[in-house]
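What follows is one structure encoded as structure tokens, with my remarks underneath.
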Amino acid sequence: MWKYVLRRVIMLIPVLIGISIFAFLMMHLTPGDPAQLMLGEQAPEETLAALRTRMGLDQPLPVQYVVWLGRAVRFDFGRSLRSNKPVVQELLERLPATGQLALAAVAISLVIGIPVGVISATKPNSIFDNVAMVGALAGVGMPAFWQGIMLILIFSVTLGWLPSSGRMGGLEYIILPALTLGTASTASIARMTRSTMLEVLSQDYIRTARSKGLSKLRVVVKHALRNALIPVVTIVGLQFGYLMAGAVLTETIFAWPGIGRLIVEAINAKDFPVVQGTIMMFAVVYAFINLVVDITYAFLDPRLRTQYK
Amino acid sequence: MATTSTLQLRQRAKVFKSMFRNKKAVVGAVILIMFALGAIFAPFLTPYEPQRQNIRNRLQGPSSEHWLGTDQFGRDIMTRILYGGRLSLRVGFTSVGIALAIGGTMGMIAGYYGGFIDNLFMRFVDVLLALPGFLLALAIVASLGPGLENVIIAIGIANIPAFARMMRSSVLTVKELDYVSASIAVGCSDFRILVRHVLPNAINPIIVLATLGLAGAILAAAGLSFLGMGAQPPTPEWGSMIATARPFIRVAHYPVTFPGLAIFFTVLSLNMVGDGLRDALDPRSTHTM
Numbered sequence: 001m002w003k004y005v006l007r008r009v010i011m012l013i014p015v016l017i018g019i020s021i022f023a024f025l026m027m028h029l030t031p032g033d034p035a036q037l038m039l040g041e042q043a044p045e046e047t048l049a050a051l052r053t054r055m056g057l058d059q060p061l062p063v064q065y066v067v068w069l070g071r072a073v074r075f076d077f078g079r080s081l082r083s084n085k086p087v088v089q090e091l092l093e094r095l096p097a098t099g100q101l102a103l104a105a106v107a108i109s110l111v112i113g114i115p116v117g118v119i120s121a122t123k124p125n126s127i128f129d130n131v132a133m134v135g136a137l138a139g140v141g142m143p144a145f146w147q148g149i150m151l152i153l154i155f156s157v158t159l160g161w162l163p164s165s166g167r168m169g170g171l172e173y174i175i176l177p178a179l180t181l182g183t184a185s186t187a188s189i190a191r192m193t194r195s196t197m198l199e200v201l202s203q204d205y206i207r208t209a210r211s212k213g214l215s216k217l218r219v220v221v222k223h224a225l226r227n228a229l230i231p232v233v234t235i236v237g238l239q240f241g242y243l244m245a246g247a248v249l250t251e252t253i254f255a256w257p258g259i260g261r262l263i264v265e266a267i268n269a270k271d272f273p274v275v276q277g278t279i280m281m282f283a284v285v286y287a288f289i290n291l292v293v294d295i296t297y298a299f300l301d302p303r304l305r306t307q308y309k
Numbered sequence: 310m311a312t313t314s315t316l317q318l319r320q321r322a323k324v325f326k327s328m329f330r331n332k333k334a335v336v337g338a339v340i341l342i343m344f345a346l347g348a349i350f351a352p353f354l355t356p357y358e359p360q361r362q363n364i365r366n367r368l369q370g371p372s373s374e375h376w377l378g379t380d381q382f383g384r385d386i387m388t389r390i391l392y393g394g395r396l397s398l399r400v401g402f403t404s405v406g407i408a409l410a411i412g413g414t415m416g417m418i419a420g421y422y423g424g425f426i427d428n429l430f431m432r433f434v435d436v437l438l439a440l441p442g443f444l445l446a447l448a449i450v451a452s453l454g455p456g457l458e459n460v461i462i463a464i465g466i467a468n469i470p471a472f473a474r475m476m477r478s479s480v481l482t483v484k485e486l487d488y489v490s491a492s493i494a495v496g497c498s499d500f501r502i503l504v505r506h507v508l509p510n511a512i513n514p515i516i517v518l519a520t521l522g523l524a525g526a527i528l529a530a531a532g533l534s535f536l537g538m539g540a541q542p543p544t545p546e547w548g549s550m551i552a553t554a555r556p557f558i559r560v561a562h563y564p565v566t567f568p569g570l571a572i573f574f575t576v577l578s579l580n581m582v583g584d585g586l587r588d589a590l591d592p593r594s595t596h597t598m
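Each protein sequence line maps, in turn, to chains A and B. Our numbering puts the first sequence at residues 1 to 309. Our numbering puts the second sequence at residues 310 to 598.
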């Protein structure tokens, strides 16, 4: 088991180096002089030169990269060009908002997705099942940014029940963003739960449990659900990755002050240090989540465990 | 393939039959064909031009002249959606095409030759997988600059890993089969073996993946354009239409609602067809999801 964990951690290193090269090269891939891009066309030559020196842009690329990486591993991505605050500080200020939103979205997707999947699986091809599965397919195909605007239109503009944007602290502010962000995950989890549940329900031990006289409810909840949820656990883990991506659109619509909105603002303002820092943070968080998912899976699946003994 | 054997024809007929029995797939295909026809014949279907402004007629509701109403510049929304369909289809097909060509080739080479090249390609794929797809595409567009062409490239690159991995695992299973060894024994070139023997066996999962990938690509492209990183106004792109009409939502919601419905139905129908294809092509999945 530990061998497996160690192997997975070591495998992360080249991946993170690769993504760091990409993050570093981002501003050099953009056509034009990076300093000029960041400061604008009219910037005087002295200011440009000062920025070049400050960011080390006058050094050869490999040297720049090594210097940049040396700082990045200590979480130093320089300062934001807009606020002049350290990038890490910006990230840390925004992180709680995104974390809160992601957790709320996961909570919604679990509370709705798993029961819907279980009921669908226990009554396959019933009206409930058909409606739920078409709904789930619709949920996967829903453009989050449009869904968010529609929710605002209905619940804020027309009904006036919920605020349309911001994060003032009250629970009412998180409902619409979390619903928007959680829709696709809810749909995936419902589909996944249904299909694994169907598979488990067709197995012999379920028939045995039923034939020894246990109620259907008890069999489903106590015997089947436990096994059906193993693949669902990993899907939930992976959903966090999609939630990070979805947060970019959701946060933009609801003016939610999180990481997703930060990266969009930074890209539009050509604030490269912030873009680089955000990309690296996303990559590290995503890698960590995947690592936890894989280890959980190995822990739950004895076949994988013995492979690395 | 020059000649199609009767066996293959019979198999194909079976796939079609099972597709037709799947109601979801049929409904999806019908919606999809409607959108595609609408996009192709847009100039004949509407008397308006997608970018012609008519300020006096701005933000009108649906009427007999403007079936879906007009936007903030008085442009006919239906016309813009039809023309927008052209862009979405183009973005979808080209970006999936890029992913399929690069990812598929990489996966095929990696799976067939193994060893160092396999390791190299798969580590590259791992790096691409280090970010969720949409974020990777966003980061690539951020460095290439905004524009629909760059969105196509970005989404294409972001989709490489899925095709590379799928192709690699297909090749790995086919490679060990007897008839491939036989082909090697009679002296077929690697290229011939890959294209004539390995590829046809790997094609089914690839078709499913491409259909679902098309849906994802259209959704991602609309999202990027919504963020202002893709098609720029006044281009009639669905995501960009939603973004530019959004400030007027308290006055009129049609310019936001209808392009969104267009994205929604296109993506939904592609997913329905993809699901149906998977059930029809993959004999292992007995239950429809």
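Ideal Cβ positions, reconstructed from N, Cα and C, are used throughout, including at glycine.
Going along the chain, which residues of the stretch 23-34 of chain A sit with their C-beta nearer than 8 Å to a C-beta in chain B?
Cβ contacts with chain B: Ala23, Leu25, Met26, Met27, Leu29, Thr30, Pro31.
Are three or more beta carbon pairs between the stretch 148-165 of chain A and the stretch 226-234 of chain A nearer than 8 Å?
The stretch 148-165 of chain A, when compared against the stretch 226-234 of chain A, does not touch it at the 8 Å Cβ threshold.
From the DSSP output, read off the bridge partner residues of aspartate 385 of chain B.
Its beta-bridge partners are B:Thr379.
Give the single residue among A:Ile175, A:Leu110, A:Pro62 whose Cα lies nearest to the Cα of leucine 151 of chain A.
Leucine 151 of chain A has its Cα closest to that of A:Ile175, out of A:Ile175, A:Leu110, A:Pro62.
Closer than 8 Å, Cβ to any Cβ of chain B: which residues of the stretch 156-184 of chain A, in chain order?
Within the stretch 156-184 of chain A, the qualifying residues are Val157.
Under a CB-based cut-off of 8 Å, is proline 293 of chain B close to chain A?
Coverage of chain B is limited to positions 310 through 598, which leaves residue 293 of chain B absent and any answer about it impossible.
Which value, in whole angstroms, describes the spacing of the CA atoms of leucine 162 of chain A and tyrosine 173 of chain A?
Going by the C-alpha atoms only, they are around 7 Å apart.
Are the stretch 61-68 of chain A and the stretch 482-499 of chain B touching, with three or more C-beta to C-beta distances below 8 Å?
The stretch 61-68 of chain A is not in contact with the stretch 482-499 of chain B.
Residues in the same chain with beta-carbon distance under 8 Å from isoleucine 10 of chain A, minus the five sequence neighbours each way, listed in chain order, please.
No residues qualify anywhere along the chain.
Just the C-alpha distance for phenylalanine 299 of chain A and alanine 345 of chain B, rounded to the nearest angstrom, thanks.
Each residue's Cα considered, the two are about 48 Å apart.
Have a look at phenylalanine 425 of chain B and phenylalanine 433 of chain B and give me their C-alpha separation to the nearest angstrom.
Each residue's alpha carbon lies about 12 Å from the other.
With distance defined between alpha-carbon atoms, name the residue in B:Glu546, B:Arg559, B:Gly539 nearest to arginine 395 of chain B.
That would be B:Glu546, whose Cα lies nearest to the Cα of arginine 395 of chain B.
Quick check on glycine 18 of chain A - is its C-beta less than 8 Å from some C-beta in chain B?
Closer than 8 Å to some Cβ of chain B, the Cβ of glycine 18 of chain A qualifies, so yes.
In chain B, what lies closer than 9 Å to methionine 150 of chain A by C-beta?
Chain B residues near methionine 150 of chain A: His562, Val565, Thr566, Gly569.
DSSP has proline 86 of chain A in a bridge; who is on the other side?
DSSP output for proline 86 of chain A lists A:Arg79 as bridge partner(s).
Tell me the start and end of each unbroken alpha helix (DSSP H) in the stretch 44-124 of chain A that is at least 4 residues and wholly inside, in chain order.
You should have 45-55, 61-72, 87-122.
Name the residue from A:Val131, A:Val134, A:Ser165 whose alpha carbon lies nearest to the alpha carbon of glutamate 251 of chain A.
Ranking the options by Cα distance to glutamate 251 of chain A, first place goes to A:Ser165.
Looking at the structure shown, is valine 228 of chain A part of a helix, part of a strand, or coil, going by DSSP?
With the sequence shown as reference, residue 228 of chain A is identified as alanine, and valine is not the correct amino acid for it. DSSP places alanine 228 of chain A in helix when its eight states are reduced to three.
Between serine 498 of chain B and chain A, is there a C-beta pair that is closer than 8 Å?
By this cut-off, serine 498 of chain B is not an interface position.
How big is the Cα-Cα spacing for leucine 528 of chain B and arginine 207 of chain A?
Each residue's Cα considered, the two are about 43 Å apart.
Would you identify the three-state DSSP class for valine 9 of chain A, choosing helix, strand or coil?
DSSP places valine 9 of chain A in helix when its eight states are reduced to three.
Counting only Cβ pairs nearer than 8 Å, list the residues of chain A close to arginine 559 of chain B.
Within chain A, the residues near arginine 559 of chain B are Val157.
Which whole-angstrom value is the C-beta distance of alanine 190 of chain A and alanine 132 of chain A, which I expect to be below 8 Å?
Yes, alanine 190 of chain A and alanine 132 of chain A are in contact; Cβ-Cβ is about 7 Å, under 8 Å.
Whole angstroms is fine: what's the gap from glycine 18 of chain A's alpha carbon to lysine 270 of chain A's?
Straight-line Cα distance between these residues: approximately 22 Å.
In whole angstroms, give me the CA-to-CA distance for arginine 167 of chain A and valine 293 of chain A.
So the two alpha carbons sit approximately 30 Å from each other.
Out of A:Leu291, A:Gly277, A:Val284, point me to the one whose CA is closest to lysine 85 of chain A's CA.
Checked all of A:Leu291, A:Gly277, A:Val284; the closest Cα to lysine 85 of chain A is A:Gly277.
Taking C-beta pairs closer than 7 Å, name the residues in chain B that proline 143 of chain A reaches, listed in chain order.
Correct list: Leu528, Ala531, Gly532, Gly569, Ile572, Phe573.
Can you pull the chain A neighbours of arginine 555 of chain B, defined as C-beta to C-beta under 7 Å?
Those are Ile149, listed as they occur along chain A.
Of all the CB atoms in chain A, is at least one closer than 8 Å to the CB of isoleucine 364 of chain B?
Answer no: the Cβ-Cβ gap between isoleucine 364 of chain B and chain A never drops below 8 Å.
Quick one: is threonine 595 of chain B buried, meaning 16 or more other Cβ sit within 10 Å of its Cβ, or exposed?
Confidence is the limiting factor: at threonine 595 of chain B the pLDDT is only 44, short of 50, which leaves the residue's position unreliable, though a coordinate-based value still follows. Counting Cβ neighbours within 10 Å, threonine 595 of chain B comes out exposed, since fewer than 16 surround it.
Comparing alpha-carbon positions, which option in B:Leu536, B:Thr575, B:Gln541 lies nearest alanine 255 of chain A?
Out of B:Leu536, B:Thr575, B:Gln541, B:Leu536 has the C-alpha closest to the C-alpha of alanine 255 of chain A.
Buried or exposed: alanine 491 of chain B, going by 16 or more other Cβ atoms within 10 Å of its Cβ?
The residue is exposed, with fewer than 16 neighbouring Cβ atoms inside 10 Å.
In chain A, which residues lie less than 7 Å from methionine 581 of chain B when you measure between Cβ atoms?
Correct list: Leu137.
Could you check whether the stretch 408-427 of chain B touches the stretch 576-588 of chain B, counting it as contact only if at least three pairs of C-beta atoms, one from each stretch, sit closer than 8 Å?
Short answer: they don't touch.
Helix, strand or coil for asparagine 331 of chain B? Go by DSSP, reduced to three states.
Coil.
Can you tell me the Cα-Cα spacing of alanine 104 of chain A and serine 185 of chain A, whole angstroms?
Spanning the two alpha carbons is a distance of roughly 12 Å.
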